[in-house]
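Residue numbers (the numbering used here): 20 to 407.
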């Protein structure tokens with residue numbers, strides 16, 4: 020196996036020899052899986068565009084869309100235009116619209132393309148002059164666009180709503196209005212403040228437990244318009260507690276990038292489906308594990324997926340909102356894009372030490388598709404940072 024020099028936390032530099040046997044790429048159909056599994060997919064930046072990277076996104080559309088087809092080939096669904104795509108964190112609504120248009124056009128070329136699209140209020144600048152009616156109109160605009168393209172909606176959390184709402188009743192009013200209009204059941208997305216600090220206090224309550232009561236009331240009042248809810252609170256106990264209280268027709272989509280293996284496997288009282296950013300980075304492992312679960316091979320499921328959990332916990336370590344850097348870095352190491360550049364220049368959001376540990380953990384998780392290529396590309400990043 021190849022080896023290279025990697026930096027350590029004590030600033031020493033030592034040789035690291037790879038040991039992981041890559042999990043092979045194998046095509047599956049979504050019907051091979053006993054769970055619905057969406058991967059929240061990233062966008063690929065265009066590093067050759069003439070633009071101001073911090074101000075204007077430049078996207079390599081061909082490579083971005085090719086990546087969606089790879090996920091579909093693995094049997095995974097695509098959660099499009101989400102925070103993994105740097106939505107509201109470099110990718111504005113204008114670019115998100117183009118992404119949705121293009122992705123939906125690609126989905127129409129297949130019979131097996133499971134896809135849903137984020138709709139929120141990120142084109143509305145939050146501030147003291149923004150009221151509840153403004154938030155409703157913003158949601159209506161984005162939901163209307165997604166549905167106008169023939170797409171299914173993932174109803175994202177709203178930064179503007181946090182500032183505009185005076186009580187949980189305002190959340191109930193906004194969600195009630197939108198859910199009353201949608202053409203088909205949506206996936207709600209409760210994104211925690213660890214992913215986006217501007218969403219602290221969502222649902223109008225200070226604690227997650229109190230907020231959960233508000234959210235459950237909203238779901239119960241509109242259960243026929245809710246396919247499921249994704250919660251991203253990085254707490255398996257909170258997810259399980261909420262999962263057990265959902266109406267029978269409403270799914271729990273785990274967004275817990277720390278504990279997804281056991282949550283997907285489930286227990287005697289139920290299980291979670293998946294809508295995960297980490298599935299972008301570990302797609303072949305996730306696909307193979309879900310297929311094993313479908314065959315009734317629980318041991319193989321955990322053997323494939325459990326080693327990816329330390330990697331995911333590292334990628335999503337605090338500040339969690341910078342996790343997208345690790346997702347794109349793995350895409351670069353695996354040859355899925357030719358560069359390590361990101362929308363908004365966020366390739367700089369993680370340190371070289373973070374990337375070095377990510378490399379080690381990816382090897383142990385067997386998600387470096389071509390170890391030789393991964394070593395070559397890691398060496399390029401190291402050299403740029405003075406490690407030769």
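All residues carry an ideal CB built from backbone N, CA and C; glycine is no exception.
Sequence-distant residues of the same chain with beta carbon closer than 7 Å to residue 299, five excluded per side: On the chain shown, position 280 is the one that residue 299 refers to. The residues are 58, 59, 60, 61, 103 and 346.
Proximity test, residue 163 beta-carbon vs the ligand ZN heavy atom, cut-off 6 Å: Ligands are entirely absent from the displayed structure, and the ligand ZN is therefore not among its contents.
Residue of 49, 106, 87 and 312 minimising C-alpha distance to residue 361: Within the chain shown, residue 361 is the residue found at index 342, counting from 1. Looking at the Cα atoms, 106 is the closest of the given residues.
Residue span of the alpha helix (DSSP H) that contains residue 83, given as start and end: Translated into the one-based positions of the chain shown, residue 83 becomes position 64. Taken as a continuous stretch (DSSP letters only), the alpha helix (DSSP H) holding residue 83 covers 80–92.
Residue burial classification, residue 74 (beta-carbon count within 10 angstroms, cutoff 16): For the purposes of this step, residue 74 is taken as the residue at position 55 of the chain shown. It is exposed - the Cβ of residue 74 has fewer than 16 other Cβ atoms within 10 Å.
Three-way DSSP call (helix, strand, coil) for residue 56 in this model: For the purposes of this step, residue 56 is taken as the residue at position 37 of the chain shown. The answer is strand: DSSP assigns residue 56 an E or B state.
Residue 246 (DSSP reduced to helix, strand or coil): Taking the chain shown and counting its residues from 1, the one referred to as residue 246 is at position 227. Residue 246: strand per DSSP, three-state reduction.
Through-space distance from residue 336 to residue 38, alpha-carbon basis: In the chain shown, counting from the first residue as 1, residue 38 sits at position 19. In the chain shown, counting from the first residue as 1, residue 336 sits at position 317. When rounded, the distance between both Cα atoms is 24 Å.
Supposed contact pair residue 25 and residue 359 - C-beta distance, whole angstroms, cut 8 Å: By one-based count along the chain shown, residue 359 stands at place 340. By one-based count along the chain shown, residue 25 stands at place 6. That belief does not hold up - the Cβ atoms of residue 359 and residue 25 are roughly 16 Å apart, past 8 Å.
Alpha carbon of residue 53 to alpha carbon of residue 42, nearest angstrom: Here residue 53 refers to the residue found at position 34 when the chain shown is read from its first residue. Here residue 42 refers to the residue found at position 23 when the chain shown is read from its first residue. Between residue 53 and residue 42, the C-alpha separation is close to 20 Å.
Beta-ladder partner(s) of residue 292, from DSSP: Walking along the chain shown from the start, residue 292 turns up at place 273. According to DSSP, which records beta bridges pairwise, residue 292 is partnered with 272.
Assigned secondary structure, residue 206 (DSSP; H/G/I helix, E/B strand, else coil): Here residue 206 refers to the residue found at position 187 of the chain shown. If DSSP states are grouped into helix, strand and coil, residue 206 belongs with the strands.
Residue burial classification, residue 14 (beta-carbon count within 10 angstroms, cutoff 16): No statement about residue 14 is possible, as the shown extent of the chain runs from 20 to 407 and does not include it.
Three-pair Cβ contact test at 8 Å for the stretch 226–234 versus the stretch 265–284: no
Local conformation of residue 127 per DSSP, three classes: On the chain shown, residue 127 is found 108 positions in, with the first residue counted as 1. Coil.
For residue 317 and residue 329, the rounded distance between their alpha carbons: As a working mapping, residue 329 is identified with position 310 in the chain shown. As a working mapping, residue 317 is identified with position 298 in the chain shown. Their Cα atoms are separated by approximately 19 Å.
Simplified DSSP state of residue 117, which is helix, strand or coil: Reading the chain shown from its first residue, position 98 is the one you call residue 117. The answer is helix: DSSP assigns residue 117 an H, G or I state.
Closest Cα partner of residue 254 within the set 332, 206 and 200: Within the chain shown, residue 254 is the residue found at index 235, counting from 1. Closest by alpha carbon: 332.
Alpha carbon of residue 117 to alpha carbon of residue 199, nearest angstrom: For the purposes of this step, residue 117 is taken as residue 98 along the chain shown, with counting starting at 1. For the purposes of this step, residue 199 is taken as residue 180 along the chain shown, with counting starting at 1. Going from the Cα of residue 117 to the Cα of residue 199 covers about 26 Å.
4-residue-minimum alpha helix (DSSP H) runs that sit fully inside the stretch 143–224, ordered along the chain: 151–167, 178–183 and 187–198
Outcome for residue 32 when other beta-carbon atoms lying within 10 angstroms are tallied against a minimum of 16: Along the chain shown, one-based indexing puts residue 32 at 13. Answer is exposed; the Cβ neighbour count stays below 16.
Check whether residue 272 and residue 222 have beta carbons under 7 Å apart: Counting from 1 along the chain shown, the entry for residue 272 is found at position 253. Counting from 1 along the chain shown, the entry for residue 222 is found at position 203. For residue 272 and residue 222, no; Cβs fall outside 7 Å.
With 16 other Cβ atoms within 10 Å as the buried cut-off, status of residue 114: In the chain shown, counting from the first residue as 1, residue 114 sits at position 95. It counts as buried.
Cβ-Cβ separation, residue 246 to residue 205 (assumed contact under 8 Å), whole Å: Here residue 205 refers to the residue found at position 186 of the chain shown. Here residue 246 refers to the residue found at position 227 of the chain shown. Sure, about 6 Å apart at Cβ, within 8 Å.
7 Å Cβ cutoff met for residue 409 and residue 251: One cannot answer for residue 409 here, as it falls past the ends of the chain, which runs 20 to 407.
Residue 226 versus residue 401: straight-line alpha-carbon distance, rounded: The residue you call residue 226 lines up with position 207 of the chain shown. The residue you call residue 401 lines up with position 382 of the chain shown. Rounded to whole angstroms, residue 226 to residue 401 spans 42 Å at the Cα level.
Residues near residue 20 by beta carbon distance below 8 Å, same chain, minus five either side: Residue 20 sits at position 1 when you count from the first residue of the chain shown. Within the same chain, residue 20 has close Cβ partners 36, 37, 38 and 390.
Helix, strand or coil at residue 230 according to DSSP, with G and I counted as helix: For this step, residue 230 is matched to residue 211 along the chain shown. Helix, per DSSP.
Spatial neighbours of residue 326 in its chain, beta-carbon cut-off 7 Å, leaving aside the 5 residues before and after: The count along the chain shown starts at 1 and reaches residue 326 at position 307. Closer than 7 Å at Cβ, skipping near neighbours: 383, 384 and 385.
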